[in-house]
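Residue numbers (the working numbering): 141 to 594. Below you'll find the structure, written out as structure tokens, and then a few comments.
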RNA sequence: GCGGUAUUGGUGAAGUGGUUAACACGCCGGAUUGUGGCUCCGGUAUGCGUGGGUUCGAUCCCCACAUUCCGCCCCA
């Protein structure tokens with residue numbers, strides 16, 4: 141038997157419906173924030189990721205899906221969304237667009253050559269946003285709020301927002317230097333991995349699992365200690381704006397993100413869910429003001445974030461959130477003989493094209509079996525065809541909940557269903573879902589979060 | 001890249017180096033000759049992940065590989 145590639149998954153059935161629902165919410169939400177949907181290639185030149193990510197981490201050397209195509213070009217399946225977007229931004233000269241900043245969102249599969257574990261696959265689907273061209277701290281707050289609002293709208297309760305500031309390049313370099321100076325005299329107290337990190341990526345020592353309890357780590361200098369005045373003020377603004385949006389963000393100096401191109405605001409949203417495993421970060425992002433020019437474009441301040449759809453669905457499952465996804469049909473058309481089957485075939489098309497979800501029999505089951513099948517498919521109505529009745533243009537329609545049935549004229553069927561089948565509610569999200577108001581709070585967009593601000 | 005874990009039907013699973021691999025659910029059919037969801041009866045595995053090996057003989061023992069789940073490194 142041919143099996144699926146390691147770390148990949150087939151998503152089908154109810155799980156697929158949940159994915160689709162999450163993605164529908166994303167599309168609707170992005171419509172409101174007015175971010176533009178963008179699709180970029182699933183593979184790019186290997187060089188794009190090398191230059192974008194930098195050579196300092198393991199990512200480039202051992203965790204991408206690289207291949208050489210038939211034209212002997214070095215290609216890489218995209219491991220994340222930002223690089224492709226930025227490449228396109230530069231290539232299409234979007235920095236010249238009249239409507240600045242450029243606000244983009246994407247949703248697609250990413251590929252990482254890693255050993256699979258809980259919440260981490262080789263193929264994953266990520267939704268992300270990028271705002272290119274504005275350095276306003278309001279953008280930082282808005283991007284973070286998109287993440288938070290998405291999780292809230294979907295129904296996640298236990299989420300925690302961690303933010304930090306790495307400062308500008310000057311602050312960042314100063315901090316890195318300070319960390320190395322701080323740890324070097326104590327190198328023998330660190331674990332083997334951290335000894336290596338000290339030179340390669342000292343910020344990572346801060347969230348080492350082995351050394352986490354060491355006083356040495358707890359007392360280590362934080363990024364915040366090394367922010368220059370300008371960076372500090374900027375960070376204060378971001379926090380102020382988040383407050384206005386009613387978002388509780390915990391300043392966590394351990395949030396450093398892995399890549400060099402981040403500066404200023406970085407954030408992660410965690411799911412505080414029981415049994416979520418080691419990969420409990422739902423999504424994260426930050427500001428990357430140096431990436432565009434690093435990839436050959438003009439200096440452009442940018443802010444973005446990305447989140448894994450699979451992890452969201454997993455978190456929703458763990459929290460036992462009931463999603464409005466149901467697998468049901470409006471009517472099941474039953475028949476037994478060939479003559480009735482012809483009517484069933486035609487009628488099914490007629491009703492479907494008039495907007496009803498219709499199932500019918502394809503397995504040559506007996507009438508009894510068809511009843512069972514209709515139940516399994518959660519059919520609201522049963523349409524039972526009978527040769528004798530058909531001669532008089534009559535059909536039997538039975539409500540599968542009340543069990544009431546009646547014979548009606550075939551020509552009346554569409555009107556009958558129109559009257560009896562309820563419309564699906566359109567996707568919407570009111571602000572009551574975004575704010576945690578009391579039951580008797582009749583706030584009109586000004587609930588206690590806002591009150592406290594004033 | 002490193003370490004641990006598991007792999008029996010559509011599903012949940014029991015089991016043994018030796019004729020026909022429990023049991024349950026599901027599914028199909030019948031009792032009920034075109035109106036069901038209860039009940040009763042009957043049927044339902046390309047044979048135990050793949051490939052080698054040990055053995056007179058392996059689903060059960062050994063090896064390799066694949067995949068699963070979990071952890072480390074890394075985390076975009």
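All residues carry an ideal CB built from backbone N, CA and C; glycine is no exception.
What does DSSP give as the partner residues of residue i in its beta bridges?
i	result
residue 305	405
residue 331	Per DSSP, none; premise fails for residue 331.
residue 396	In DSSP, residue 396 forms no bridge with anything.
residue 558	Residue 558 pairs with nothing; no bridge assigned.
residue 444	270, 426
residue 286	The partner list for residue 286 (beta bridge, DSSP) is empty, contrary to what the question assumes.
residue 215	185, 207
residue 411	299
residue 389	301
residue 384	BP columns for residue 384 are empty, so no partner.
residue 248	266
Quick one: is residue i buried, meaning 16 or more other Cβ sit within 10 Å of its Cβ, or exposed?
i	result
residue 500	buried
residue 152	exposed
residue 514	buried
residue 573	Any answer about residue 573 is weak, because its pLDDT of 49 lies below 50 and its placement is not dependable; what the coordinates show is given next. Exposed: under 16 other Cβ atoms inside 10 Å.
residue 582	Caution is warranted here: a pLDDT of 47 is assigned to residue 582, below 50, making its placement in the model unreliable, and the coordinate value is therefore given only provisionally. When all chains shown are included, residue 582 counts as exposed.
residue 502	exposed
residue 156	exposed
residue 142	exposed
residue 466	exposed
residue 289	buried
residue 428	buried
residue 164	exposed
residue 390	exposed
residue 557	buried
residue 470	buried
residue 537	buried
residue 145	exposed
residue 218	buried
residue 255	exposed
residue 450	buried
Would you mind working out which of the options sits nearest residue i, comparing C-alpha positions?
i	options	result
residue 426	441, 488, 263	441
residue 233	203, 439, 333	439
residue 275	448, 220, 476, 404	404
residue 455	162, 338, 278	162
residue 402	554, 305, 277	305
residue 222	516, 188, 548	188
residue 237	258, 212, 273	273
residue 397	193, 154, 146	193
residue 407	259, 488, 554, 286	286
residue 128	277, 185, 356, 341	The structure shown does not extend to residue 128, since the chain is modelled only from 141 through 594, so no value can be given for it.
residue 257	389, 149, 463	149
residue 350	331, 213, 359	331
residue 323	544, 353, 359, 303	359
residue 533	363, 543, 552, 314	552
residue 183	168, 167, 208	208
residue 154	538, 517, 472	517
residue 292	333, 336, 463	463
residue 354	329, 373, 337, 410	329
residue 476	468, 336, 528, 494	528
Please report the Cβ distance between residue i and residue j, rounded to the nearest whole angstrom; I am assuming they are in contact, meaning their Cβ atoms lie under 8 Å.
i	j	result
residue 444	residue 268	6 Å
residue 250	residue 266	5 Å
residue 382	residue 281	5 Å
residue 480	residue 530	7 Å
residue 147	residue 262	3 Å
residue 421	residue 159	With a Cβ gap of about 19 Å, residue 421 and residue 159 do not count as contacting.
residue 474	residue 507	7 Å
residue 206	residue 186	6 Å
residue 419	residue 260	5 Å
residue 301	residue 320	The Cβ separation is near 29 Å, so there is no contact.
- Message: Below 8 Å, how does it come out for the region 166 to 177 and the region 244 to 253: are there three or more Cβ pairs, yes or no?
- Response: yes
- Message: Within 8 Å, do at least three Cβ pairs link the region 223 to 231 to the region 400 to 416?
- Response: no
- Task: Could you say if the region 351 to 370 and the region 299 to 312 meet the contact criterion of at least three C-beta pairs nearer than 8 Å?
- Result: yes
- Message: Measuring CB atoms only, is the region 458 to 476 touching the region 294 to 303, in the sense that at least three cross pairs come out at less than 8 Å?
- Response: yes
- Sufficient close CB pairs (3 or more, under 8 Å) joining the region 371 to 380 to the region 337 to 350: no
- Are three or more beta carbon pairs between the region 511 to 528 and the region 473 to 490 nearer than 8 Å? yes
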